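Heads up: the sequence shown begins at 706 in the numbering used here, then just goes up one per residue.
Glycine included, C-beta positions come from ideal geometry on N, C-alpha and C.
Keep in mind it's a predicted model, so treat the numbers as computed, not measured.
Report on the structure given below.
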Amino acid sequence: MKVLILGASGMLGYSLYANMSEYHEFEVFGTVRDIAGKEHYYNKPKGYIIKNVNILDLDKVKQIVAELKPDVVINCIGLIKQLSISKKYTSAITINALLPHQLAEICSSYEAKLIHFSTDCVFDGKKGNYKEDDLPTATDLYGKTKHMGEVYYGGHITLRTSIIGHELISSISLVEWFLNQEKEVKGFTKAIFSGLPTAYIAKLLAEKIIPNKSLSGLYHLSTFPINKYDLLTKISKVYDKNINIYKSDEVIIDRSLNSEKLRSEIGFVPPDWDELIEYMNADFKKWYTLCR
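Given below as structure tokens:
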């Protein structure tokens, strides 16, 4: 089975590219725009990289899909909330809202299934335990455009989730930011998270989601909710990070997702957080540490 990953140099895209290439049943291809300074990360994975791909060049994307004829296209491209460009209306609308639907059209034309990633940030976080039929309540540009970009028609899939994991160079995400801190950090006891490590998402895609050809539409992908203080405490233990994490209740937000629908359809029982962090750490040692 051919799998094409769009955006194989980002935090999610690289993890999916590296880990899914380990499965013999998949022939994995990944598009990147520029991997200058990151080339060494691509020596070990068994997939195939397609360089110099501007995802907004839809003719180029269409050409790649036409030539490869992938069975599945996974869109890992999006403007993340932490970047200032995500606050620019034209950029956010083009990449987060419009592009996924353009990709869905291309995939439909070549009989490929699109798997697109959305976010828990389509909700404002006032109540938590959100289900797929809960009305999105985001008030910011990022959340609104991610909601607009959700593709749940034509046999395609949108997975709403949140991720933790490792980056190739930057330190924007929670785990990389935390590991780069010294002395002390705040751990928010009332900020609730229910996402998954990127490496574990790769495992679920390969073993549970892609093989289930009947899946289509909108699904929440999550695990047991945990507050950020407990999460950082567990990460510090597994990664042997000597740092003081002090409790803070100044941030109150709960964007936890209820994923009973997907769990039931694919037979997924989430591991506990200790196991998930051990899994993430093993992935870090396999794909990232030798390149740093």
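Residue nearest to residue i in terms of C-alpha spacing, selected from the options
i	options	result
PHE893	LEU936, LYS793 and ASP839	LEU936
TYR753	LYS767, TYR719, LEU761 and LYS908	TYR719
GLU732	ASP838, LYS832, ILE740 and ALA723	ALA723
ILE940	TYR835, VAL880 and LEU721	VAL880
CYS826	LEU711, SER791, ARG738 and ILE811	SER791
VAL943	LEU981, GLY783, ASP762 and ARG968	LEU981
CYS781	SER921, LYS767 and LYS851	LYS851
LEU962	ILE755, VAL758, LYS832 and THR938	LYS832
SER969	ILE869, ARG960, ILE914 and ILE948	ILE914
GLU912	SER964, PHE973, ALA771 and CYS812	PHE973
LYS767	GLN787, TYR815, LYS749 and GLU730	TYR815
PHE898	VAL770, LEU926 and ASN932	ASN932
PRO976	HIS729, THR938 and SER927	SER927
GLN787	TYR934, LEU721 and SER878	SER878
ASP988	TYR934, LEU920, LEU709 and LYS749	LYS749
Residues near residue i by beta carbon distance below 6 Å, same chain, minus five either side
i	result
ASP776	MET706 and LYS707
GLY854	ASN801, ALA802 and PRO805
PHE822	LEU864
ASP817	It is worth fixing the name first, because residue 817 is Ala in this sequence and not Asp. Contacts found: PRO775 and VAL778.
THR824	LYS851
GLY830	ILE958, ASP959 and ARG960
CYS812	VAL778 and LEU819
Separation of residue j from residue i, as counted between CA atoms
i	j	result
PRO930	ILE785	22 Å
LYS765	ASP945	45 Å
TYR924	THR799	23 Å
SER876	PHE883	9 Å
ALA843	LYS849	6 Å
GLY860	VAL737	26 Å
LEU819	GLY783	15 Å
LEU711	ILE755	10 Å
ALA797	TYR847	7 Å
ALA998	SER964	Missing from the structure shown is residue 998; the chain here goes from 706 to 997 and no further.
ASN998	CYS996	Absent from the model: residue 998. The displayed extent of the chain is 706 to 997, so no value can be given.
LEU773	GLN886	43 Å
VAL770	ASN949	49 Å
LEU709	LYS836	29 Å
LEU909	MET725	10 Å
TYR747	PHE734	12 Å
Opposing strand residues paired with residue i [DSSP bridges]
i	result
ASN759	None; ASN759 has no bridge partner.
ALA896	ILE958
SER823	ARG865
PRO902	ILE869
VAL778	LEU709 and LEU819
Per-residue DSSP class, three states only, for residue i
i	result
SER953	strand
ARG738	coil
THR928	coil
LEU920	coil
ASN963	coil
LYS707	strand
LYS831	coil
VAL733	strand
PHE874	The question names Phe, yet the displayed sequence has Ile at residue 874. Coil at ILE874, not helix or strand.
GLU772	helix
TYR753	strand
LYS891	strand
GLN807	helix
LEU784	coil
GLU744	helix
SER796	helix
PHE989	helix
SER813	helix
Beta-carbon proximity list for residue i, same chain, < 7 Å, skipping 5 on both sides
i	result
SER714	VAL737, ILE740, LYS743 and LEU873
TYR984	PRO902, ALA904 and TYR905
LYS891	TYR951 and SER953
Own chain partners of residue i with C-beta closer than 8 Å, once the 5 adjacent residues on each side are dropped
i	result
GLN807	LEU763
ASP954	PHE893, THR894 and LYS895
ASP839	PHE828
ASN917	GLU970 and ILE971
ASN759	ARG738 and LYS765
LEU717	CYS781, PHE822, ILE868, GLY870, THR903 and ILE906
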